[in-house]
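Student:
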Amino acid sequence: MKNKTLLSDFIEFFERNRFGAMTLMMTFQSCLGSIAAMYTFMTNNMVQLAIIATITMASNAAFIAQAPAKWCLYTFLLSVLTNFLLILLNNLI
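First residue of the sequence shown? That's 1 in my numbering, and the numbers climb one at a time after it.
#1: Mark Ala50 as exposed unless 16 or more other C-beta atoms lie within 10 angstroms of its C-beta, in which case mark it buried.
#2: Once DSSP output is grouped into helix, strand and coil, what is the label at Thr27?
#3: Can you find the residues in the same chain that come closer than 8 angstroms, C-beta to C-beta, to Asn90, ignoring five residues on each side of it along the sequence?
#4: Can you tell me whether DSSP reads Thr43 as helix, strand or coil?
#5: Considering Cα atoms alone, identify which of Ala62, Ala65, Phe14 and Gly33 is closest to Thr82.
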């Protein structure tokens, strides 16, 4: 009996539906990154803006370059988590 995790199921789903999932994931994380950038501009923190831009563009580059599924998903998750945390951080300030 093989133990399957949520992440391994997500990787399998991504491999089966790569181009459709890639389009949706890229759009979602780019929009989230732009929202995080807007809140960062409001606090005038250029270091956070550089972090947002770097991580979001790295994820986009992985999708466009058709990197391996795990690499795409890990950069996507890193981008979403980082942008979400920075949105929360900038809203609390």
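Just so it is clear, CB atoms sit at the ideal spot from N, CA and C, and this is done for glycine as well. The model shown is predicted, which means the values in this text are computed figures rather than measured ones.
Tutor: By the coordinates alone:
#1: exposed
#2: helix
#3: Ala36, Tyr39, Thr40, Met42, Thr43, Asn45 and Gln48
#4: helix
#5: Gly33
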